[in-house]
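Mapping to the numbering used here: the sequence shown position 165 is 259, numbers consecutive.
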Amino acid sequence: MLILSEGWQSSSPSTDLLASENLAQAVIIVILDVVIVCSNVLIIATLVTGSSGVGDVLNYYLLSLAAADLLAGVLVVPLSVYPALTHSWAFGDVLCSILGYVEATLWAVSVYSFMWISVDRYLAIRKPLRYETVQTPSRCQCWVVFTWTTSMLACCPPLLGYAQPHFDNEAFVCHMDWSHMAAYSVTLLILVLGPTLATIVYTYFYIFNTMRKMRTSLMASDKEYATALSENLSNPTHLMSFILVMTFWLSWLPFIGVTLYECLTGHRLDVPFVHFSVFWLGLCNSFWKFLIYVAMSPHFRARLRLLCVSLCCGVKNNANEMIYHR
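Below, the structure written as structure tokens:
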């Protein structure tokens, strides 16, 4: 009896430490989930209630991003809380497969949405006199529908049983095991990242190069064109959209780096909390967008202020009087 008591006493500190770590990680996930859901509900409500028509076609892509982040906060993140406490997946392989599919789809939607945002900002600079003719609301809506449909179809083969789900017991999330579908995985990666990264690099290079030229020369061969171009270049959404793109990739870069390293070497990194940290750092991008909107968009701040006044005070104001417009 004495031996059992001494053994229990000697193992108690490590057990308590493990339980504390599990509880701390679960609390972090809960806090992130609340922040993700609340921030994206605010983004959607602000953009929808303050919409003012043709000049807001960019908002369709921002709404697409917010919808993807909100779905991640509602469908993916909550199911990681209990596994964080138990270090095991208790919801079955079917649900694990569905969550892996949802994660891949939402990530692809975000990547494609950033590409369309960069194209939209490029067209505002490239064709300032025809921007509202080229970027119509109906056309942007079609691109958003195309993005979601393409992402859902492109990521569905693993969901049909061609790959087994994998539960990461350090990050507490389910992923699809793409290693058994190497050819398909590489093809999908090329189709998603190839056109998006090429488009983003080209469009923002053109935008910032045009800004540089405007500062060094008047470019006044056509006064109407130069005036429209100058007005569009002064729009803060160009820099804001670039910060959104960079924040997204910087957030996910550690996770991508760790994943590539493990795939190429065949060895899993045995560093405490590294998988937990890199995955949830990437998911933090889901609420950092709200902070970027508030910090860099007077248009969004005015709409958010209007929404808060309407909700808190019951005051209905004319949105056009408060909103900074293009």
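Just so it is clear, CB atoms sit at the ideal spot from N, CA and C, and this is done for glycine as well.
Buried versus exposed call for residue i [16 or more other C-beta atoms within 10 Å across all chains shown]
i       : result
Glu-264 : buried
Val-131 : buried
Ser-114 : exposed
Gly-167 : buried
Cys-357 : exposed
Cys-234 : buried
Asn-379 : buried
Lys-307 : exposed
Asn-303 : exposed
Ser-232 : exposed
Ala-162 : buried
Ile-125 : exposed
Leu-164 : buried
Phe-342 : buried
Thr-297 : buried
Thr-331 : buried
Asp-187 : exposed
Thr-290 : buried
Leu-283 : exposed
Thr-140 : buried
Thr-241 : buried
Val-121 : exposed
Leu-354 : exposed
Leu-223 : exposed
Asp-214 : buried
Close Cβ partners of residue i (< 6 Å) along its chain, the five nearest in sequence each way excluded
i       : result
Thr-199 : Ser-245, Met-246, Cys-249
Gly-376 : Ser-345, Trp-346, Phe-349
Phe-266 : Ser-174, Pro-177, Ala-178
Gly-194 : Pro-259, Cys-268, His-269, Met-270
Leu-285 : none
Trp-382 : Thr-341
Tyr-155 : Ser-207, Trp-210, Ile-211
Val-171 : Asp-127
Cys-402 : none
Bounding residues of the alpha helix (DSSP H) (the contiguous stretch that carries residue i)
i       : result
Ser-187 : With the sequence shown as reference, residue 187 is identified as Asp, and Ser is not the correct amino acid for it. Here the alpha helix (DSSP H) through Asp-187 covers 187 to 220.
Val-339 : 331 to 359
Trp-374 : 368 to 377
Leu-405 : 392 to 407
Ala-184 : Where Ala-184 is concerned, there is no enclosing alpha helix (DSSP H), given that its DSSP letter is neither H nor E.
Leu-156 : 152 to 165
Beta-carbon proximity list for residue i, same chain, < 8 Å, skipping 5 on both sides
i       : result
Ile-337 : Ile-386, Met-390
Arg-220 : Tyr-300
Arg-362 : Glu-356
Met-416 : Caution applies to Met-416, whose pLDDT of 45 falls short of 50 and renders its modelled position unreliable; the model cannot decide the point.
Cys-406 : none
Leu-368 : The sequence as given places Val at residue 368; Leu does not occur at that position. Cβ neighbours of Val-368 beyond the five flanking positions: Glu-264, Val-352.
Phe-384 : Ser-133, Asn-134, Leu-136, Ile-137
Leu-254 : none
Asn-116 : Ala-178, Leu-179, Thr-180, His-181
Leu-333 : Met-390
Ile-123 : Val-171, Ser-174, Val-175, Ala-178, Phe-266, Trp-374
Cβ neighbours of residue i in the same chain (closer than 7 Å, five flanking residues each side left out)
i       : result
Phe-261 : Trp-183, Cys-190, Cys-268
Tyr-418 : For Tyr-418, the predicted structure reports a pLDDT of 41, less than 50, and the residue's modelled location is therefore unreliable. The matter cannot be settled from this model.
Ile-294 : Phe-208, Met-209, Ser-212, Val-339
Ala-202 : Ser-245, Ala-248, Cys-249, Val-286
Val-228 : Leu-217, Lys-221
Ser-158 : Val-203, Ser-207, Val-238, Thr-241
Every unbroken beta strand (DSSP E) within the stretch 227 to 283, with a cutoff of 3 residues, ordered by chain: As far as the stretch 227 to 283 is concerned, its whole beta strand (DSSP E) runs of at least 3 residues are 259 to 262, 267 to 270.
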